[in-house]
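Undergrad:
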Amino acid sequence: MSEKRFDVAALGELLIDFTDNGLSGQGNTLFEANPGGAPCNVLAMLKKLGRSCAFAGKVGDDLFGHQLRGVAEAAGICMDYLTMDKETRTTLAFVKKLSNGDRDFSFYRNPGADMMLAEEELPFALLADCRVFHFGTLSMTHEGVRRATCKAIDYARANGALISFDPNLRPPLWDDLEDARTQISYGLAHCDILKIADNELEFMTGETDFDKGAAILQKQYPNICLLNVTAGPEGSYSYYGSLRVFRPALKLGGTIETTGAGDAFCGCVLNFVLEHGLEGLAAEDLETMLSFANAAAYLVTTRKGAVRSMPDREQVEELLEK
Numbered sequence: 078m079s080e081k082r083f084d085v086a087a088l089g090e091l092l093i094d095f096t097d098n099g100l101s102g103q104g105n106t107l108f109e110a111n112p113g114g115a116p117c118n119v120l121a122m123l124k125k126l127g128r129s130c131a132f133a134g135k136v137g138d139d140l141f142g143h144q145l146r147g148v149a150e151a152a153g154i155c156m157d158y159l160t161m162d163k164e165t166r167t168t169l170a171f172v173k174k175l176s177n178g179d180r181d182f183s184f185y186r187n188p189g190a191d192m193m194l195a196e197e198e199l200p201f202a203l204l205a206d207c208r209v210f211h212f213g214t215l216s217m218t219h220e221g222v223r224r225a226t227c228k229a230i231d232y233a234r235a236n237g238a239l240i241s242f243d244p245n246l247r248p249p250l251w252d253d254l255e256d257a258r259t260q261i262s263y264g265l266a267h268c269d270i271l272k273i274a275d276n277e278l279e280f281m282t283g284e285t286d287f288d289k290g291a292a293i294l295q296k297q298y299p300n301i302c303l304l305n306v307t308a309g310p311e312g313s314y315s316y317y318g319s320l321r322v323f324r325p326a327l328k329l330g331g332t333i334e335t336t337g338a339g340d341a342f343c344g345c346v347l348n349f350v351l352e353h354g355l356e357g358l359a360a361e362d363l364e365t366m367l368s369f370a371n372a373a374a375y376l377v378t379t380r381k382g383a384v385r386s387m388p389d390r391e392q393v394e395e396l397l398e399k
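Under the working numbering, the first residue of the sequence shown is numbered 78, with each subsequent residue one higher.
1. Take A360 and list the residues in its own chain whose beta-carbon comes closer than 6 Å to its own, dropping the five residues that flank it on each side.
2. Are the beta-carbon atoms of L203 and N245 separated by less than 8 Å?
3. Looking at the unbroken alpha helix (DSSP H) that takes in C343, where does it start and where does it end?
4. Compute the Euclidean distance between the alpha carbons of A229 and E109, then round it to the nearest angstrom.
5. Hey, how far is the Cα of M78 from the Cα of F201?
6. Using a Cβ-Cβ cutoff of less than 6 Å, which residues in the same chain neighbour F141 once the five nearest sequence positions on both sides are dropped?
7. With 16 other CB atoms within 10 Å as the buried threshold, where does T285 fall?
8. I need the DSSP call for V85, collapsed to helix, strand or coil.
9. Can G147 and T165 be called in contact, C-beta distance under 8 Å?
10. Give me the Cα-Cα distance between M193 and K399, rounded to the nearest whole angstrom.
11. Under 7 Å Cβ to Cβ from G354, same chain only, skipping five residues before and after it: list those, please.
12. Less than 8 Å separating the beta-carbons of G89 and A115?
13. Can you tell me whether DSSP reads K328 as helix, strand or coil?
14. When the Cα of G382 is compared with those of N300, L250, L145, which residue comes out closest?
15. How far does the beta strand (DSSP E) with H267 in it extend, from its first residue to its last?
16. What first and last residue would you give for the alpha helix (DSSP H) that runs through R166?
Have a look at this one:
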């Protein structure tokens, strides 16, 4: 890949995750305000691995918007391309951990600033100056920001960027799940690198067997060079051409919640691609990639929050050595 100012640019949502943090002395639910949003979480992991990163998106010109900007800048992410909306408030998400370890999301986004990004607000200079462009579908739930996202994808690719996609399906944000399926299909048809969760793979293929589901996507979307499936506490799978590699998750206890774990995994995969490229990978390469990404994701589950919870390289390597 040619020399660019930024290793990775990401576009999408930047929001506050209010995470369930137990009860007060009076029995009221306490929520901890954690800066998050999947695309910026991915960049935060990449920054921990020494990569140059920039974020493009929109927040409200309000208390939470300024907080998010400050936290992301403190993490080393370039926020020069963040737009502050004076009319629309920053998107908020309330996250409750369920007894089975899953999470329940309640979004305050009707509208939220992230969904108000318009085509004319796109940072074309950034899109032309990154090696990898990363996006998800929260920036495709509404027509205006959807057009902006599609234009950003096309512009980044035309300027030589690899395209990375994480569906990050959040059903409460879609008026119609068939629309979600259509937009995920668009992302699948335009990416080189895919990170998809087990439930999203089933949603798109109807298959609970990961190998069968991955085979369907590989046949339908031959543009996908590297396809990774995350399966939560089971582990992760990588499909590359005819290769299929599985690495189990780390089960060392201490898990608090899983917010940001998949984003840490995605960031580690993108760092691997930046180091090794997408050509001529062997099974041993994929095993190394998955082991590192799984370890980083595990460490995130032992911490609160997302942007601020990403581990550095030394912490991941130390865990793998043990």
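Each residue gets a CB set at the ideal place from its N, CA and C atoms; glycine is no exception.
TA: So, from the listed chains and residues:
1. Excluding residues within five positions, the ones whose Cβ falls inside 6 Å are L320, V322.
2. At the C-beta level, L203 and N245 stay beyond 8 Å of one another.
3. That run of the alpha helix (DSSP H) goes 338–353.
4. So the alpha carbons of these two residues sit roughly 33 Å apart.
5. Unreliable placement is indicated for M78, whose pLDDT of 49 sits below 50; no coordinate value is reported for it.
6. Excluding sequence neighbours, F141 sits near I93, T167.
7. Answer is exposed; the Cβ neighbour count stays below 16.
8. DSSP places V85 in strand when its eight states are reduced to three.
9. Taking C-beta atoms as the reference points, G147 and T165 fail to come closer than 8 Å.
10. Whole-angstrom Cα-Cα distance: 46 Å.
11. The beta carbon of G354 lies closer than 7 Å to none in the same chain, with the five residues before and after it left out.
12. Contact: yes.
13. Residue state, collapsed to three classes: coil.
14. For G382, the closest of N300, L250, L145 by C-alpha to C-alpha distance is L145.
15. For H267, no beta strand (DSSP E) encloses it, and the DSSP letter there is neither H nor E.
16. Following the DSSP letters along the chain, one finds R166 in no alpha helix (DSSP H), marked with neither H nor E.
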